[in-house]
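See structure below.
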Amino acid sequence: SPDDPADDPVVAPCTGDWAALRPDGPDGRPAVAALLPRRTAIVRSSAARDSRGQVLAANVDTVAIAVSLTARLDLGRVERLLALAWESGARPVVVLTKSDQVPDAAGAEARAASAAPGVDVVSCSAATGDGIDVVRAVLTGTVVLLGPSGAGKSTLGNALLGREVLATGAVREQDGKGRHTTVRRELLPLPGGGVLIDTPGLRGVGLFEASEGLERTFADVEELAARCRFADCAHQAEPGCAVLAAVEDGTLPRRRLDSYRKLLRENEWAAARTDARLRAERDNRWKTIRKAQRQMYKERGRNR
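With my numbering as the guide, the letters of the sequence shown map in order to residues 7 to 310.
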């Protein structure tokens, strides 16, 4: 039922969870008795229309955002995934894959870094091994690979694991997109310590209550906003707006401000949906309670 916490995908067990087991479960097999509190949780908005979140992985230390250099570098998508990662409580790293297939990997690193202040951005080639040692050095603890299909997550995962474990697939030449070769989340031990979680390619990543993640992702915009003349400045046409001044003098790219506004609107909309759902669930619970009370009073009247 909608009121049952077990039906909430944010509460349900997921990859990376630590669980307490009881040995006497159904069919004599161990069963989950309780989930231990999560240190971190990567949550996106659910594809369903119920305004609930979906946990992609829990107890993650590092989120490796895989971006293929053979496809168009979508900085807006990078910023979206960074907000998701920062909100989780884990540390994001941007990994540019397939560096052997492009002439200017360093230039791509610089462009990606412009959308990821304070975040390590590294490029590598799983095919040649170039840069893999650097990637290993920045990915620590429990690592999850996030990114769209065709980003080279599974190929990168195999390079980090040192063996061919994860299934890989080809990508379309015209757009660099791939088919889903990873159809479930897999958790595997890394050589030398740590754990790797591979995830299916993400077609869409909706934000879910990611205010803090957006603040971290757009720390440069937030810093400028603190200098605006008015505390409630919307950075549209207000006098004394430090954000617009930075756009005009070229310090802040217009694209980045547009991305900031877009993701803020989306996050506010998602929060409003969640509030509406919680109000509806609370009203339904009170309706059930009042109905039970009326039934109890009727029974009392009959028994007099």
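A virtual CB, placed ideally from N, CA and C, is assigned to each residue, including glycine.
Please go through the same chain and pick out, in chain order, the residues whose beta-carbon is closer than 6 Å to the beta-carbon of residue i, but skip the five residues on each side of it.
i, result
"Pro123", "Ala225 and Asp226"
"Thr21", "Ala63, Arg191, Leu193 and Ile203"
"Asp10", "Interpretation of Asp10 is limited by its pLDDT of 47, a score under 50 that renders its predicted location unreliable; no figure is taken from the coordinates."
"Gln107", "Thr76"
Can you have a look at residue i and say buried or exposed, based on whether 16 or more other CB atoms are within 10 angstroms of its CB?
i, result
"Trp92", "buried"
"Gly153", "buried"
"Leu162", "buried"
Once the 5 residues before and after residue i are set aside, which same chain residues still bring their CB inside 8 Å of it?
i, result
"Gly219", "Leu88, Ala89, Leu90, Ala91, Trp92, Glu93, Ser94 and Leu213"
"Asn6", "Outside the shown range of the chain, which is 7 to 310, sits residue 6, and nothing can be said about it."
"Pro32", "none"
"Leu79", "Val73, Ala114, Arg117 and Ala118"
"Leu42", "Asp23, Trp24, Ala25 and Ala26"
Beta-carbon within less than 7 Å of residue i's beta-carbon, same chain only, minus the 5 sequence neighbours each way: which residues are those?
i, result
"Ala47", "Val61, Ala64 and Ser94"
"Gly137", "Ser105, Val128, Ser129, Cys130 and Ser131"
Shortest alpha-carbon distance to residue i belongs to which of the options?
i, options, result
"Trp24", "Leu193, Gly59, Thr161 and Phe236", "Leu193"
"Asp67", "Arg233, Pro98, Gly210 and Val49", "Pro98"
"Glu274", "Val125, Asn164 and Ala216", "Ala216"
"Arg28", "Pro206, Ala40, Ala18 and Pro19", "Ala40"
"Ala277", "Pro43, Gly59 and Glu228", "Gly59"
"Ala121", "Val108, Val100 and Arg279", "Val100"
"Leu196", "Leu145, Val16 and Ala77", "Leu145"
"Val150", "Asp139, Leu167, Gly135 and Thr134", "Leu167"
"Arg45", "Ala72, Ala96, Val69 and Gly246", "Ala96"
"Gly198", "Leu162, Gly147 and Ala237", "Gly147"
"Arg260", "Gly158, Asp30 and Gly82", "Gly82"
"Glu85", "Val140, Arg222 and Gly158", "Arg222"
Looking at the ligand COA, does it come within less than 7 Å of residue i, judged from the CB to the closest heavy atom?
i, result
"Asp226", "Of the ligands one can find in the structure shown there are none, so the ligand COA has no counterpart to examine."
With respect to the alpha helix (DSSP H) encompassing residue i, which residues constitute its N-terminal and C-terminal limits?
i, result
"Val227", "Ala225 to Ala231"
"Asp139", "Ile138 to Val144"
"Glu115", "Ala111 to Ser120"
Starting from residue i, trace the beta strand (DSSP E) in both directions and tell me its first and last residue.
i, result
"Asp5", "Absent from the model: residue 5. The displayed extent of the chain is 7 to 310, so no value can be given."
"Arg28", "Ala25 to Arg28"
"Gly59", "Gly59 to Ala64"
"Thr148", "Thr148 to Leu152"
"Arg78", "No beta strand (DSSP E) holds Arg78; DSSP gives it neither H nor E."
"Arg97", "Arg97 to Thr103"
"Ser4", "Because the chain spans 7 through 310 in this model, residue 4 falls outside it and cannot be assessed."
"Thr171", "Reading the sequence as shown, one finds Val at residue 171 and not Thr. No beta strand (DSSP E) contains Val171, which DSSP labels as neither H nor E."
"Ala37", "Ala37 to Leu41"
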